[in-house]
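Number of protein chains: 2
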Amino acid sequence: MTAQQEAREYKICLIDDHKLFRKGMAQLIGRIPGYKVCGEAGNGRDFIEMVQAGLTPDLVLLDVQMPVMNGEETASWLRQHAPSVRVLALTMHDDEMHIIRMIRAGARGYILKDAEPEDLRTALDTVVQGDFYHTPQVSRAMANTIGLPAEEPPALTRREREFIEHACTELTYKEIADVMNCSLRTVDGYREELFEKLAVRSRVGLVVYAIRHELVQLGGQGGTRPAQDR
Amino acid sequence: MTAQQEAREYKICLIDDHKLFRKGMAQLIGRIPGYKVCGEAGNGRDFIEMVQAGLTPDLVLLDVQMPVMNGEETASWLRQHAPSVRVLALTMHDDEMHIIRMIRAGARGYILKDAEPEDLRTALDTVVQGDFYHTPQVSRAMANTIGLPAEEPPALTRREREFIEHACTELTYKEIADVMNCSLRTVDGYREELFEKLAVRSRVGLVVYAIRHELVQLGGQGGTRPAQDR
DNA sequence: CTGCATACCGGGAAAAACACCGGATTATTT
DNA sequence: AAATAATCCGGTGTTTTTCCCGGTATGCAG
Chain V
111 MTAQQEAREY KICLIDDHKL FRKGMAQLIG RIPGYKVCGE AGNGRDFIEM
161 VQAGLTPDLV LLDVQMPVMN GEETASWLRQ HAPSVRVLAL TMHDDEMHII
211 RMIRAGARGY ILKDAEPEDL RTALDTVVQG DFYHTPQVSR AMANTIGLPA
261 EEPPALTRRE REFIEHACTE LTYKEIADVM NCSLRTVDGY REELFEKLAV
311 RSRVGLVVYA IRHELVQLGG QGGTRPAQDR
Chain U
111 MTAQQEAREY KICLIDDHKL FRKGMAQLIG RIPGYKVCGE AGNGRDFIEM
161 VQAGLTPDLV LLDVQMPVMN GEETASWLRQ HAPSVRVLAL TMHDDEMHII
211 RMIRAGARGY ILKDAEPEDL RTALDTVVQG DFYHTPQVSR AMANTIGLPA
261 EEPPALTRRE REFIEHACTE LTYKEIADVM NCSLRTVDGY REELFEKLAV
311 RSRVGLVVYA IRHELVQLGG QGGTRPAQDR
C-alpha cells in the first residue's frame, strides 16, 4: 500500500454459517481496495475464540442467524469485550425486529444479503469510519420503534410456555386442561395472558408467534410440499 | 484458452434470491478455469424468461427456496423445456425431502451452501459432464427413500393454497372470505377439503402443517425469544 | 403488613370454527 | 356425450374459542 493518502488496510472478519457464502464474500471484499479479510468463522462462538486468541479486526460482517451463537449475542459480546470492533450486520431477514435488535446490540449498520455490491462497499466505508450505515429499511424500522416502550421480549412463566406447546397441537383447550391437570378456566387464563403479552388476537396468531420465535420446534421441518394444481 | 484439451468454457447461470450471494458465487466461479457466469436471476420465473429470450447456459446453480418460483419448479420446467441445461441444486437445507425432490425434478447434483469451494468445483466438473454429483448426504437420502411408498403429497388447487396463506393469519374465516371475494361457505369448503387432504382436524393443525411444509413462509424465522421465568 | 406476581378457579354469553346435508356453473378431458 | 375437476354457494346445528364478570391461595420482597 502506498504511504500517502491514509493508506491503511482495514481488516475484516466474516461470520456466517455458510462457508460458500463466506468465500464468495471474501472474494467480493478482496476486490474493494482498502479492505482485507483477516478471518472467518461459522458462528459467534468460534469467532470469539479467535478474538480471545489475539485477533482484532477493524470490522466484522456478522450474520444474524447462526447456530451455536447468533449475531445478536455476538454483537453484544463484542461491545462489552472489544468495543473497537465495528459490527455490520448482514442478513437475509429484513424484518424490523431483527434490525432493531442488532442495532441495540451494537451493530453500526444492517445490510441485506440481496443488496447491491455497491451498497456493501458504501456500508463498509461508512461503518469503518465509525458512522452508522442507514438504508431506508433501517430508518423506517427505527422510526417505527422510537416512542415505543423499547419492546422487551415478554417474560413467560413456566406454565405459559407449557401451554403454548400444547396450543400448537390440535388439542382443544379442554384437552389441554386435562393434559396440564388444571381446569378449562385456567388454560383460558393462560390464553388471555399470552394474547396480551404477545399481542396476538387468536390461537392461530399465538401459534405463528410461537413458531416464529422458536418457542416450539416443529421437529422435522421437511415434509414434502404438496403439488401445485393439476 | 488453448485449442487443445477440449478448451471450451462452460456457461453457468446463478439463480438465487440473494444478490450478494450471487455476486460472491460469481467471483468464486470466475476463479475456476473453464467456467464463466453468463447470467443471474433472483428467482425461477426471471430465469425462465431469460431462457425463453434465447439464453442457454450449460449449467445452472439453482437455489431451492426462492420466492415467486422455487428450485423444484424451475428444475422441472428446465427438464421439460431445455433438457440440455444441467442443474446443480445449491441450498442451505440438508434435509432429505428437499434433496429427493430436487433430484426427482431433474437436478444432477445437490450441494450445500456451507460446502468447501473445492466441493463446488468438483460438483461443477461432475455435473457439466452429465454425471451425478453425489455427496454422502445425497446417497443417504436416496437410500432412505427407496422402498418407501413414495407418499405423494396431496395436490392442492390454487384457491386452496391461497386460502392456506390467509388461514395462517389472525383473520377469521369471514374476513378471509371477504379478502378472497367469495362467501363464507366457500372458504368453509376449502377448509373441509384441506382438513381431509392434509389429515388435520383443526385450523391450528392446518397452520402447523403449512409452516412445516413451507406452504407459507413466516418471514424472519428467528425472532427474539421471550425471556424465561423471572 | 402490604403489595405484587404466580397459579388457580367458576359461570355466562357472543363469536368463531367445525360438521354435515344439499346444490350449482364452468372448463377440460376422454 | 360423458366424465372429471375446479370453482362456487345455502342452510342447520354442534363444539370450541374468545371475552367478559367475579373469586381464592401461595410465596416472596419491600
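Heads up: the sequence lines are chains V and U, in that order.
Note that the numbering used here has the first sequence beginning at 111, numbered continuously upward.
Note that the numbering used here has the second sequence beginning at 111, numbered continuously upward.
From the three backbone atoms N, C-alpha and C, an ideal C-beta is built for every residue, glycine too.
These numbers were taken from a predicted model, which means no experiment stands behind them.
Identified DSSP bridge partners for residue i
i	result
T184(U)	Answer is none; T184(U) lacks a bridge partner.
Y243(V)	G219(V)
Y120(U)	Y145(U)
Cβ-Cβ distance between residue i and residue j below 9 Å
i	j	result
L198(U)	L169(U)	yes
F273(V)	M252(V)	no
D224(V)	G152(U)	yes
A277(U)	R301(U)	yes
D173(U)	T201(U)	yes
E275(V)	L325(V)	yes
L171(V)	I210(V)	no
K129(V)	P227(U)	yes
V237(U)	R196(U)	yes
E285(V)	R311(U)	no
I158(V)	M135(V)	no
T166(V)	M176(V)	no
V314(V)	V314(U)	yes
Y243(V)	T232(V)	yes
L124(V)	G149(V)	yes
Residue i, DSSP secondary structure in three states
i	result
D173(U)	strand
I221(U)	strand
I125(V)	strand
T267(V)	coil
V326(V)	coil
L281(U)	coil
M290(V)	helix
M179(U)	coil
P259(U)	With a pLDDT of 49 at P259(U), under the threshold of 50, the predicted position of this residue should be treated as unreliable, though the coordinate-derived value follows. Residue state, collapsed to three classes: coil.
D168(U)	coil
A113(V)	No answer about A113(V) holds up, because its pLDDT of 49 lies below 50 and its placement is not dependable.
Rounded Cβ spacing between residue i and residue j (contact assumed at less than 8 Å)
i	j	result
Y319(V)	L328(V)	So it is not a contact: roughly 13 Å between Cβ atoms.
S186(V)	G144(V)	With a Cβ gap of about 28 Å, S186(V) and G144(V) do not count as contacting.
Q239(V)	D204(V)	Not really, about 25 Å apart at Cβ, beyond 8 Å.
L234(U)	I321(U)	Actually they are not in contact, since the Cβ atoms of L234(U) and I321(U) sit about 34 Å apart, beyond 8 Å.
M212(U)	G181(U)	6 Å
R132(U)	D126(U)	5 Å
E270(V)	L304(V)	6 Å
Terminal residues of the alpha helix (DSSP H) in which residue i lies
i	result
T201(V)	No alpha helix (DSSP H) contains T201(V), which is instead part of the beta strand (DSSP E) from 196-201.
E150(U)	Looking at the DSSP string, E150(U) is not in any alpha helix (DSSP H); the run it does join, the beta strand (DSSP E), is 145-151.
A309(U)	A309(U) -> no alpha helix (DSSP H), and no H or E assigned at all.
G154(V)	154-162
M207(V)	206-214
A192(U)	Per DSSP, A192(U) belongs to no alpha helix (DSSP H) and is neither H nor E.
E226(U)	First-last for E226(U): undefined, no H or E at that position.
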